[in-house]
Every structure is written in structure tokens, then in C-alpha cells.
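Novice: One structure follows; several queries about it will come next.
Protein chains in written order, with my numbering: chain A, 13 to 123; chain B, 39 to 152.
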């Protein structure tokens with residue numbers, strides 16, 4: 013089942029922060045985050061495994077709360093290069109080969 | 039460059055026709071995934087192969103089929119095409135057959151059905 017992302021879109025000024033949420037109705041074993049720039053392929057950001065760990069990637073970090081079946085992506089001091097659509101992908105079958113993505117959150121960072 | 043190669047980049051065809059999309063995974067990757075991306079649905083998982091065998095199936099229509107060959111490249115066949123099949127089709131690969139690994143996406147094939 014497709015995870016639900018919120019918000020659908022967000023517009024920021026350079027230097028502002030943003031949070032993107034991803035929730036599932038199923039128990040999750042892992043959450044993946046990808047970013048897709050306009051006209052390009054999705055690019056991997058990070059994977060969070062069951063255990064509630066938080067990972068970071070430069071000024072982008074994420075958390076995973078498996079009890080709530082939720083993950084959040086935190087973008088701090090946003091840069092113009094952060095613009096794009098962010099997708100969360102969830103693995104709810106524990107080692108399954110299927111990764112189901114949400115509909116995406118479009119992030120626009122303006123000067 | 040992700041190392042995943044998809045051909046062709048663009049495909050324009052008519053309703054009722056059949057097309058084949060090709061994907062070569064990164065060197066050493068055994069798993070191939072196909073996704074369909076449309077404006078309102080995001081990335082829809084279609085099917086996954088691992089080392090030549092089908093491992094998972096998503097929202098793939100019966101008119102669509104795929105296979106992975108011994109050299110590990112994969113083909114997605116779309117037949118009896120309808121206007122609604124117009125979309126960007128991505129192939130992705132990973133080293134193994136679990137969802138705990140990151141996927142490397144190709145640049146996609148833009149299919150336009152007229």
C-alpha cells in the first residue's frame with residue numbers, strides 16, 4: 013500500500029527549514045528517501061531501518077518511528093539545490109524486494 | 039550517471055501498438071525494478087526481477103510483461119497501448135534482492151501514446 017506524504021508541496025526561501033512527513037498503514041521495516049530534480053531520475057538520499065534511528069546527509073536528516081509507522085525528512089538551512097520532488101519509499105514486508113513510493117512532495121527553494 | 043542505461047529515451051507510438059523498453063543494470067547488480075511515473079500517481083512499482091527470476095509484482099497491467107535475460111538486462115513489453123499508458127518509465131537496479139539497499143535509477147523512457 014502506498015505511503016502518504018505530506019505536505020504535497022512546499023515553497024521556501026533559501027535558508028529556511030522544512031519537514032516532509034511519510035506515513036504508512038502497515039508495519040514498516042525500512043523507509044527510503046529519494047530526491048528527483050525536474051527532468052531527471054530519482055537519486056537516493058538515505059535508508060532508515062527499523063530501530064528508530066536518525067540518519068543525516070549534509071543538512072538533510074531523517075527519523076523513523078516504527079511504532080507510529082512514520083518517517084520525517086528534515087531539511088535545514090535549505091539551499092537552492094534542494095529544490096525537487098522528494099519521495100519516500102517503504103518496505104513493509106521485511107526483506108521483500110518491493111519498494112512502494114509515496115506520491116512525492118515538491119519542494120521549491122527560492123532565493 | 040547512475041550506471042543504469044535505459045533505451046530509448048523517448049518513444050512515440052499509436053494506440054493499440056506494442057513497444058519494448060530496455061534496461062541495462064549497473065555492472066554487478068542482479069536486481070532490476072520497473073516503475074511507471076505519471077503526474078498524479080508518482081512512482082508506481084510495476085515489477086522486480088532478481089537474477090532472471092520474477093520476485094515481486096506491483097500494479098502491473100496484464101497487457102504489460104517483463105523479463106530479465108541471462109546477461110541481466112531487462113525488457114518491459116507494453117502491448118495494446120492506450121492513451122493512459124503515456125508516462126515516464128524508470129528502471130532501477132540494486133546489488134541484491136532486498137529492499138534494504140539503495141536503488142540506482144536510469145534516466146527513464148518517456149512514452150507518448152497518441
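Note that CB positions come from ideal geometry on N, CA and C, so glycine has one too.
Excluding five sequence neighbours on each side, which residues of the same chain lie with their C-beta closer than 7 Å to the C-beta of residue 57 of chain A?
Specialist: Taken in chain order, the residues that qualify are 45, 46, 47, 69, 72.
Novice: Counting only the same chain and skipping the five closest in sequence on each side, list residues whose C-beta sits under 7 Å from that of residue 94 of chain A.
Specialist: Result list for residue 94 of chain A: 87, 119, 121, in chain order.
Novice: Residue range of the beta strand (DSSP E) that residue 88 of chain A falls in?
Specialist: Taken as a continuous stretch (DSSP letters only), residue 88 of chain A belongs to no beta strand (DSSP E), as it is neither H nor E.
Novice: Residues of chain A with CB closer than 7 Å to the CB of residue 146 of chain B, please, in chain order.
Specialist: Residues of chain A passing the Cβ test: 53.
Novice: Using 7 Å as the limit for Cβ to Cβ distance, is residue 94 of chain B near chain A?
Specialist: So, interface residue.
Novice: Cutting at 7 Å between CB atoms, please list the residues of its own chain near residue 30 of chain A, excluding the five before and the five after it.
Specialist: 22, 24, 87, 90, 119, listed in sequence order.
Novice: Relative to the C-alpha of residue 71 of chain B, which candidate in B:134, B:148, B:124 has its C-alpha closest?
Specialist: Per the Cα distances, B:134.
Novice: Does the beta-carbon of residue 75 of chain B, which I'm using as the reference point, lie nearer than 6 Å to any heavy atom of the ligand FMN?
Specialist: No copy of the ligand FMN appears in this structure; indeed no ligand is present at all.
Novice: For residue 73 of chain B versus residue 128 of chain B, is the C-beta spacing smaller than 7 Å?
Specialist: Taking 7 Å as the Cβ cut-off, residue 73 of chain B and residue 128 of chain B qualify as a contacting pair.
Novice: Compile a chain-ordered list of the residues in the segment 67–82 of chain B whose CB is closer than 9 Å to at least one CB of chain A.
Specialist: Here the close residues are 69, 71, 73, 75, 78, 79, 80, 81, 82.
Novice: Would you be able to state if there are at least three C-beta pairs under 8 Å between the segment 54–66 of chain B and the segment 74–82 of chain B?
Specialist: Cβ pair count under 8 Å is below three, so no.
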